[in-house]
Structures are given as C-alpha cells and as structure tokens.
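Trainee: Before I ask anything, let me first share the structure, which is written out below as structure tokens.
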C-alpha cells in the first residue's frame with residue numbers, strides 16, 4: 191500500500207524504544223541474531239523476504255504478534271483511514287480497511303463482539319429487495335465468529351418481516367431491537383421464538399381485524415432485561431411483566447394506565463414513566479411495588495402529590511411535571527424515605543418555590559428551569575447537603591443565595607438573570623473545591639471578586655455589564671485557570687488572550 195516504506199521505517203525506529211518482553215514468549219534467538227528486546231518472531235515480521243515460504247504461502251501472520259505491537263503495525267499502515275469522517279462514510283472506510291491486508295480484515299472480524307444495524311443505512315441502496323438485504327446482512331454477520339451482541343433499529347415493517355424470516359445469527363447472540371412502528375402480539379411471539387431478545391422497544395398493536403394481533407396474554411416466558419412500551423395500556427404492561435421474570439428495566443411512554451397492573455415489580459431496578467395518564471394514588475401504588483428500584487424517572491406526567499419511599503433508590507428524576515408541589519418534592523427528598531439517594535433531577539418543575547432539599551448522601555442536584563425557586567431554598571440545599579459535588583441551577587431567579595458547600599466541584603448558573611456580584615463573591619469564598627463555574631448570560635454581574643485557588647474553568651460569555659477590572663482580578667487571583675470564556679463582553683477581550691498564562695485557553699469569540 192502507499193506509504194509502506196515510510197511505515198517500515200517508522201516501525202524500525204519504534205523497535206529501538208520497545209519495552210523488554212513486548213513480544214510473544216518464544217525461545218531466545220542465537221546471539222548472532224539477537225537485536226535488543228525483540229523476539230525472533232518480531233524480527234521475521236520486520237524482514238519482508240522472510241515471511242513467504244517456497245510455495246508462496248505466508249509462513250507467519252501479523253495476528254501472531256501481541257496486540258500492542260500489532261496495533262502499531264496497523265496504525266502506520268492504515269492510520270489515516272481510521273479517522274471518523276461522518277455517518278455515511280463509516281461503512282465505506284471499513285470496506286477499505288478490509289481490503290488493505292488479510293491480517294487487518296481477520297483482526298476486525300475476529301475481535302468484533304457487537305454488530306449494529308440501522309435500516310436507514312441500507313446495505314443494498316435503492317433496490318427495495320428487503321429479503322436480499324437481510325441475507326446480505328446475515329452473510330456479513332457470519333464474518334464475526336465471536337459475535338455476542340446484535341443491535342437493530344428498524345423503521346420499515348417490510349424489513350422487519352424479512353428479518354423474521356431470513357436473519358441468521360450465531361447461537362446465543364443477545365439481541366436488542368427498536369422498532370418505530372406498531373408490532374402485533376403474533377409478530378412479537380415470532381421474534382421471541384427466533385432470537386434471544388434482551389432489550390426491546392416498540393409500539394404494541396392492540397386492536398385489529400384478527401384477535402390474535404392484539405392478544406398479548408399468550409406471550410411465552412422471555413429473557414428480556416429491558417423493555418420500552420409506547421402508546422400501550424395496562425393490559426400490555428401486565429402481560430410483559432408476567433412473561434419476563436428477569437426484567438430489570440421498564441419504560442412506559444405516552445400511555446393511559448387506568449387499571450391496576452396487578453403484578454410483582456420486585457425485580458425491577460429501573461422504572462421510567464413518561465407522558466403517563468393515571469391518578470396520583472395509582473402512581474403511589476405502582477412505585478411502592480418496586481422496592482428494589484435504583485433509578486426512577488417520571489416525566490411529563492400530571493402528578494402533584496405522590497409518595498416515593500424506596501430504600502435502595504439512588505437516582506430520582508421528576509421532570510416537566512408542572513403541577514408538582516413543594517410538599518411532595520420535600521417528602522421525596524427526605525432521607526427517611528429514600529436513604530440511598532445520590533442524584534436528583536427536578537428540571538422544568540415550574541411550580542416549585544421552596545422545597546426542602548436536605549440529604550446527607552446527595553451528590554448531584556439538577557434544578558434547571560425552575561423560575562420560582564427562592565434564594566432561601568437554594569441556600570438551604572447547599573447548607574444541608576454536605577456531600578453535594580455538582581449542582582445545575584440554569585435559568586433560575588436567585589439573586590443573593592448563600593452558596594456554601596465544601597465538596598462542590600461543578601456549579602452551573604447560566605442565564606440566572608438576577609444573580610448579583612455578592613452571591614458570586616461569596617460562593618468563591620465558601621466553595622473551596624470548586625473547579626468549574628458557569629455564570630454566562632448573567633447580565634447583572636458587574637464586578638464580582640474572582641479569587642479561587644483551584645478553579646480551572648469559568649464561563650463568562652454574554653455578561654454584558656462585566657467590567658474589565660473583574661477579569662484582571664480573575665487572572666491574578668485564580669492560579670489554576672485552564673479555560674476561560676469571555677465572548678461578547680463589553681471590553682477588549684483579546685488583551686487577555688495575549689497576556690494570560692499560555693497554559694490557559696481564553697475564548698473571546700464564537701462562530702455563530
């Protein structure tokens with residue numbers, strides 16, 4: 191291939207730097223042949239004439255080398271082709287790589303454990319022959335003898351039917367399917383019989399001329415670990431729970447669950463409910479039946495007063511629930527109810543005003559786009575969550591909240607339009623481990639005192655009233671700075687690019 195001579199030269203130069211024992215364990219070469227740390231096999235690889243037997247066949251292969259050395263060979267041979275150049279070019283580049291040399295093709299095929307297929311990137315462009323494409327897909331999969339996982343995203347029902355008939359996978363391959371169309375109970379039954387499905391996302395078809403299409407009660411026992419059901423009823427949820435004793439993750443989206451599911455959710459470790467219509471009391475009963483949950487997601491639901499009390503819950507996300515009350519949020523964040531909680535997300539809960547956030551194990555708190563949140567609530571959170579390391583209060587209305595947290599490392603206050611100089615000055619004093627601060631678009635900042643020993647990144651873009659003297663103090667009193675954004679501030683920002691420590695990157699303009 192082009193550049194082979196240069197590659198060989200580079201390999202010889204690297205040979206002098208190789209660590210002892212880098213090659214494969216073999217008998218030591220005679221003294222006359224010994225060349226430092228390289229083994230006999232590696233010497234033969236680097237001597238082009240020695241790799242061919244008299245009958246023209248290869249006497250050795252690059253696959254005989256250990257992975258680090260083999261990787262260096264491949265890097266110098268085809269390194270430029272490995273660069274990602276966009277979604278449409280990835281498969282083309284892989285075909286080029288396969289054609290470079292037998293060793294590279296065999297390594298790619300041998301070491302591939304996961305195969306991803308998306309029907310929008312057709313293998314036979316424009317033919318419309320779905321069965322032929324699935325046959326070609328099967329032949330490609332056969333190249334990978336160690337394949338363990340197959341992940342598939344389909345938007346075409348015709349291709350789905352072809353897949354059910356013609357796709358061939360190695361025995362034991364674990365499959366993940368996502369279908370962007372309605373699937374009948376009969377089709378799902380065929381899918382489970384043909385493949386070992388571990389993850390499934392689809393829209394169940396519950397009504398049709400044939401009763402079998404919507405009868406989900408006859409599902410066989412499945413190996414599902416995660417299932418996402420969209421636009422379904424409680425009947426479908428109940429059927430999947432009864433048929434999937436190993437289910438660990440359940441997602442239900444845009445559905446009306448008006449009846450009791452009536453099954454045991456004890457094995458679930460993750461539950462996600464998005465756009466669900468059902469009363470608060472039913473929410474409470476459903477969640478209470480999931481005592482082993484570690485993560486709970488509730489989004490775009492009309493909840494106002496639900497109870498969440500789970501001893502193992504670590505992640506709680508209740509977002510875009512605009513009727514959520516302060517009392518309900520306070521009870522959910524009570525350590526007596528959820529003692530293991532480490533991460534909370536209350537983004538876009540716009541009715542929150544002053545919830546009580548006080549938890550000794552809480553590490554991450556997201557309260558973005560909560561415009562009514564008071565200074566007192568924010569100050570109380572930082573004072574009563576000693577383990578808090580990251581907080582996001584984007585687009586809040588806080589003015590002079592006292593942010594005091596010894597463990598805090600990341601703080602985002604972007605577009606907090608009322609944030610004052612006093613609040614920023616105090617947080618710099620009372621958060622000794624802060625390394626990242628975002629106060630961009632905080633238009634009331636004029637001349638806060640930026641002084642911090644370990645601060646590395648600060649974003650100050652669109653702080654249009656910020657004075658140049660404040661930035662002078664920033665660079666003088668923050669010795670650990672590595673990245674600063676000053677775009678669209680009303681002074682000569684390029685001065686700081688010229689004068690600051692060369693180890694610190696200063697951005698003064700964006701390409702919009």
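In the numbering used here, the protein residues as written are 191 to 702.
Backbone N, C-alpha and C define an ideal beta-carbon position, used for all residues, glycine too.
In this text, all values refer to a predicted model and were calculated from it rather than measured experimentally.
Given residue 434, which residues of its chain have a CB within under 6 Å of its CB, disregarding the five upstream and five downstream residues?
Mentor: Here the set comprises 412, 414.
Trainee: Closest to residue 660 by C-alpha separation, out of 671, 636, 642, would be which residue?
Mentor: It is 636 whose Cα lies nearest to the Cα of residue 660.
Trainee: Can you have a look at residue 330 and say buried or exposed, based on whether 16 or more other CB atoms are within 10 angstroms of its CB?
Mentor: When all chains shown are included, residue 330 counts as exposed.
Trainee: Is it buried or exposed for residue 371, if we count other Cβ within 10 angstroms and need 16 for buried?
Mentor: With fewer than 16 Cβ atoms within 10 Å of its Cβ, residue 371 is classed as exposed.
Trainee: Quick one: Cα of residue 145 to Cα of residue 669, how far?
Mentor: The requested residue 145 does not occur in the structure, where the chain is confined to residues 191 to 702.
Trainee: For residue 367, which residues from the same chain have a beta carbon less than 6 Å from its beta carbon, with the 5 sequence-adjacent residues on both sides left out?
Mentor: 342, 390, listed in sequence order.
Trainee: Under the three-state reduction of DSSP, which class applies to residue 746: helix, strand or coil?
Mentor: Because the chain here runs from 191 to 702, residue 746 falls outside it and cannot be looked at.
Trainee: Measuring straight from C-alpha to C-alpha, what distance separates residue 666 and residue 500?
Mentor: Rounded to the nearest angstrom, the two C-alpha atoms are 49 Å apart.
Trainee: List the DSSP bridge partners of residue 623.
Mentor: DSSP, once it has assigned bridges, lists no residue as partnering residue 623.
Trainee: At least one CB of chain E closer than 7 Å to the CB of residue 336: is that the case?
Mentor: Looking at the structure shown, chain E is missing, and only one protein chain is on hand.
Trainee: Note down, in chain order, each residue of its chain lying with its Cβ closer than 7 Å to the Cβ of residue 610, except the 5 sequence neighbours on either side.
Mentor: The residues are 589, 590, 634.
Trainee: DSSP three-state label for residue 439, please.
Mentor: Note: residue 439 maps to strand in three-state DSSP.
Trainee: Based on DSSP bridge pairs, tell me the residues matched to residue 394.
Mentor: DSSP output for residue 394 lists 373 as bridge partner(s).
Trainee: Go ahead and pull the three-state DSSP assignment for residue 675.
Mentor: Note: residue 675 maps to strand in three-state DSSP.
Trainee: Straight-line CA distance for residue 377 to residue 328?
Mentor: Between residue 377 and residue 328, the C-alpha separation is close to 20 Å.
Trainee: List the residues that DSSP assigns as beta-bridge partners of residue 695.
Mentor: DSSP lists 673 as partners of residue 695.
Trainee: Can the beta-carbon of residue 603 be found less than 7 Å from the beta-carbon of residue 629?
Mentor: Contact flag set, yes.
Trainee: For residue 487, collect the residues of the same chain with a Cβ closer than 6 Å to its Cβ; drop the 5 residues on either side in sequence, then sort them by chain order.
Mentor: Same-chain partners within the cutoff: 462, 507.
Trainee: Taking 6 Å as the line, does the beta carbon of residue 334 fall inside it for any heavy atom of the ligand GTP?
Mentor: Within the structure as shown, the ligand GTP is missing, as the structure has no ligands at all.
Trainee: Check whether the Cβ atoms of residue 600 and residue 580 lie closer than 7 Å to each other.
Mentor: Contact flag set, yes.
Trainee: Exposed or buried, residue 394, counting other C-beta atoms within 10 Å across all chains shown (16 or more means buried)?
Mentor: That one is buried.
Trainee: What residue range is occupied by the uninterrupted alpha helix (DSSP H) comprising residue 341?
Mentor: Not the alpha helix (DSSP H): residue 341 falls in the beta strand (DSSP E), residues 339 to 344.
Trainee: Can you tell me whether residue 311 is buried or exposed? The criterion is at least 16 other CB atoms within 10 Å of its CB, across all chains shown.
Mentor: It is exposed - the Cβ of residue 311 has fewer than 16 other Cβ atoms within 10 Å.
Trainee: Using a 10 Å radius around the Cβ and a threshold of 16 neighbouring Cβ atoms, would you call residue 692 buried or exposed?
Mentor: Result: exposed.
Trainee: For residue 303, which option in 362, 323, 347, 324 has the closest C-alpha, if you only look at C-alpha atoms?
Mentor: Nearest option by C-alpha distance: 362.
Trainee: For residue 547, name the three-state secondary structure that DSSP assigns.
Mentor: Looking at residue 547 - three-state DSSP - the assignment turns out to be coil, as it is neither helix nor strand.
Trainee: Quick check on this structure: which residue in 586, 616, 626, 619 has the alpha carbon closest to the alpha carbon of residue 608?
Mentor: Of the listed residues, the one whose Cα sits closest to residue 608 is 586.
Trainee: Below 8 Å on the Cβ atoms is my contact criterion, and I expect residue 502 with residue 524 to pass it. Report the Cβ-Cβ distance as a whole number of Å.
Mentor: With a Cβ gap of about 16 Å, residue 502 and residue 524 do not count as contacting.
Trainee: Taking the runs of the alpha helix (DSSP H) that are 4 residues or longer, which of them lie wholly in the region 408 to 492?
Mentor: You should have 424 to 433, 470 to 478.
Trainee: Quick one: give me the first and last residue of the alpha helix (DSSP H) that residue 603 is part of.
Mentor: Note, residue 603: premise wrong, no alpha helix (DSSP H); not H, not E.
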